[in-house]
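Reviewing the structure listed below.
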Amino acid sequence: MTRIRLGMVGGGADAFIGGVHRIASRLDGHFDLVAGALSSTPEKAKKSGEALGLDPDRSYGSYDEMAEAEAGRSDGIEAVSIVTPNHVHFAAAKPFLERGIHVICDKPLTATFDDAAAMEAAVKDSDALFVLTHNYTGYPMIRQARAMVEDGALGTLRVVQAEYPQDWMTDAVETEGVKQAEWRTDPERSGAGGAIGDIGTHAYNLAAFVTGQLPDRLAADLHSFGAGRALDDNAHIMLRYDSGARGMLWCSQVAPGRENGLRLRLYGDKGALEWAQEDPNYLWFTRHGEPSQRITRNGAGATEPATSVSRIPPGHPEGYLEAFATLYTEAAGAIRAVQQGQSRDAVMGALPGLSDGLDGMAFIRACVASSKDDAAWVTI
């Protein structure tokens, strides 16, 4: 099978997420990274390209230059990964979408609502696919949980609890030269949401992916415990669904001892599910009135939605990079299907895309509006 020629915007030296995307794209053998505009300055971009072994002629100083040059090559890139800070997502994606080059973009969709609307228009005007890497949806046990909810294992959904605590910003690391903290605490680069944009959107998306429901109203208490921080680093959010279900979402980047504590709990009138990202190979299922059952990634109780995205035998841990790789593998399948004439809508499957990004932006906007009005209930 011919590998898909991939480019990358961002992800150069000292960029954590760029390395994750490169590993994920290679893991199942569907992509070759052949071009890049890897940094915001031409000099850093060239050095980063050299470090990755890119052809110097295909290591570009800007994404505009890259899009134009690669579109003109017979062996030009077929897809591009956008792994920049949030404020660059739209500007970087646009020239590739205009040229029919498929886009795989890190979340959230954009930094501003104007850019989100412009991204929506650019995607609709393009023939290219747009994939948003809400990578936690790629975990096998999340696929298992989604299938169980669809099959009615929980009955009528009553309570949704999602949380995502971290501790890495407990101290003012943005003042200590930590690049990842510097841009995340800057409204110009991160957008209107701090923790809610960075990790709250992950929890929000995961709950929606598994339940198949989005809340229609929320009440949010956003706060910044870090002295002088312009954006929230902790948020408590109540959710109401038009189905009658109720939800709670907590995200924090100032919770000592919590490294990456994404967790989802769902309760219905017939049963409950619980999953934790730091122990991702297990899903706990409780039928009402019965002992809890532990379902393993590809062991007893697991079904095709989980086993089809598992790579290694039972008892061997499979985690973050593999979940990310699942999205890249599914994106490769979608790209090849489009190249063979299928419609964009028909090939996305479980892949997160534009609509998920717009939902995340609506969530951020509603949280900010609610918190400014003393945690008043607002429509999402």
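This note's numbering applies: residue 58 is where the sequence shown begins, and numbers increase by one. Glycine is no exception: its CB is placed at the ideal position from the N, C-alpha and C atoms.
As assigned by DSSP and simplified to three states, the class of residue i
i      : result
Asn338 : coil
Met418 : helix
Val267 : helix
Arg79  : helix
Ser412 : helix
Arg2   : Missing from the structure shown is residue 2; the chain here goes from 58 to 437 and no further.
Ser183 : coil
Thr436 : strand
Arg115 : helix
Ala423 : helix
Gly285 : coil
Ser309 : strand
Tyr261 : helix
His87  : coil
Ala178 : helix
Met58  : coil
Tyr120 : helix
Ile134 : coil
Leu323 : strand
Asn317 : coil
Closest by C-alpha distance to residue i, when choosing among the options
i      : options                           : result
Ala407 : Ser300, Gly398 and Glu387         : Glu387
Ala264 : Val217, Asn317, Arg274 and Lys327 : Val217
Gly67  : Ala150, Leu84 and Val206          : Ala150
Asp224 : Gln310, Val235 and Met65          : Gln310
Ala389 : Ala72, Ala128, Gly93 and Asp89    : Asp89
Gly306 : Tyr261, Ala168 and Thr141         : For the sequence presented, residue 306 should be read as Leu rather than Gly. Comparing Cα-Cα distances from Leu306 to each of Tyr261, Ala168 and Thr141, the minimum goes to Tyr261.
Trp341 : Arg320, Gly285 and Leu84          : Arg320
Gln270 : Ile392, Ala391, Arg215 and Asn317 : Arg215
Cys308 : Ile369, Val267 and Met295         : Met295
Asp445 : Ile256, Asp290, Thr194 and Met176 : Coverage of the chain is limited to positions 58 through 437, which leaves residue 445 absent and any answer about it impossible.
Asp182 : Arg200, Phe170, Pro165 and Ile158 : Ile158
Arg62  : Ala108, Glu135, Thr258 and Val180 : Glu135
Arg79  : Pro99, Gly325, Gly106 and Met58   : Gly106
Ser97  : Ala148, Leu330 and Ala128         : Ala148
His293 : Pro222, Arg60 and Ala70           : Pro222
His280 : Lys429, Ala72, Tyr385 and Pro99   : Lys429
Pro409 : Lys103, Met226 and Tyr193         : Tyr193
Cβ distance (whole Å) where residue i is taken to contact residue j below 8 Å
i      : j      : result
Ala276 : Ser116 : So it is not a contact: roughly 48 Å between Cβ atoms.
Arg297 : Arg274 : 4 Å
His191 : Asp413 : 6 Å
Phe153 : Ala173 : That pair is no contact at about 17 Å.
Arg60  : Gly93  : No, Arg60 and Gly93 are not in contact; Cβ-Cβ is about 16 Å, not under 8 Å.
Residue i: CB within 7 Å of a non-hydrogen atom of the ligand MG
i     : result
Ser82 : Of ligands this structure carries none, so the ligand MG is not represented either.
- Would you say the segment 337-353 touches the segment 177-189, given that touching needs at least three Cβ pairs under 8 Å? As far as the Cβ criterion goes, the segment 337-353 does not touch the segment 177-189, which means the pair count is below three.
- Can you give, in chain order, each stretch of the alpha helix (DSSP H) that sits fully within the segment 187-254 and has at least 4 residues? Whole alpha helix (DSSP H) segments, 4+ residues: 197-207, 236-241 and 244-247.
- Message: Does the structure place the segment 200-218 close enough to the segment 369-382 that three or more beta carbon pairs sit under 8 Å?
- Response: Short answer: they don't touch.
- Task: Identify every run of the alpha helix (DSSP H) within the segment 330-414, keeping only runs that are complete inside it and at least 4 residues long; order them along the chain.
- Result: For the segment 330-414, the full-length alpha helix (DSSP H) segments reaching 4 residues or more read 361-364, 377-396 and 401-404 along the chain.
- Stretch-stretch touch, CB-based, cutoff 8 Å, three pairs: the segment 120-140 with the segment 237-251: Cβ pair count under 8 Å is below three, so no.
- For the segment 317-331 and the segment 278-295, state whether three or more C-beta atom pairs, one from each stretch, are separated by less than 8 Å. Output reads no: the segment 278-295 does not touch the segment 317-331.
- Message: Could you check whether the segment 247-255 touches the segment 417-437, counting it as contact only if at least three pairs of C-beta atoms, one from each stretch, sit closer than 8 Å?
- Response: These segments touch.
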